[in-house]
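Counting along the sequence shown from 1, when you hit position 50 you're at 249 in the working numbering, and nothing is skipped either side.
Don't be surprised by glycine CBs; every beta carbon is placed ideally from N, CA and C.
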Amino acid sequence: MARIRVGLLPTSSFMVGTLPVPKYADQEKTQFATDRETGAKLYTITLFFMEEDRAEALKITVPETGLPNGLRPGVPVMPVELFATPWARIFNGSLSDGIAYRAARLDLTTPAAEAA
200 MARIRVGLLP TSSFMVGTLP VPKYADQEKT QFATDRETGA KLYTITLFFM EEDRAEALKI
260 TVPETGLPNG LRPGVPVMPV ELFATPWARI FNGSLSDGIA YRAARLDLTT PAAEAA
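Encoded structure:
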């Protein structure tokens, strides 16, 4: 599957929407999903992505080692090494598709208003 590096404008910003939740490898939620290379537990976090005149909620997978202290709704962050992977599957005869987002880590950032 093709991983595509996400290019962000200098004006792009992200804000935490929900706290990170563990990602599971099975539907019964008995086994945590882990990073294939490091073995770190994976978490899913909803971020609000704002760029020019649009905004969108993105669910991004981040390893536990890439989650900084102080994450809470409303906190500005910047995903580092953000990749998008298109996916599709057929379940019960219906096609589902979308884009899975993955970041190496989240960095806490200072809002532009505070930095000025």
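Could you compute how far the alpha carbon of residue i sits from the alpha carbon of residue j?
i    : j    : result
T264 : R204 : 20 angstroms
I289 : D225 : 18 angstroms
A299 : R202 : 9 angstroms
M277 : V220 : 18 angstroms
T308 : K222 : 25 angstroms
G273 : G216 : 6 angstroms
A314 : T284 : Note that A314 scores a pLDDT of 44, beneath 50, so its modelled location is shaky and nothing firm can be said.
P267 : D306 : 7 angstroms
F248 : D296 : 21 angstroms
E250 : N291 : 37 angstroms
F282 : G206 : 9 angstroms
W286 : F231 : 21 angstroms
Tell whether a beta-carbon distance below 8 angstroms holds between residue i and residue j.
i    : j    : result
T229 : L241 : no
A256 : V279 : no
Once DSSP output is grouped into helix, strand and coil, what is the label at residue i?
i    : result
V215 : strand
T284 : strand
G265 : helix
E313 : Residue confidence is low: E313 scores 48 on pLDDT, short of 50, so the model does not pin down where it sits. Its coordinate-derived value is still stated next. Looking at E313 - three-state DSSP - the assignment turns out to be helix.
R202 : coil
G238 : coil
A299 : strand
A254 : strand
L208 : coil
Rounded to the nearest angstrom, how far is the Cβ of residue i from that of residue j, given a contact under 8 angstroms?
i    : j    : result
T243 : T260 : 6 angstroms
S212 : P275 : 6 angstroms
R271 : L218 : 7 angstroms
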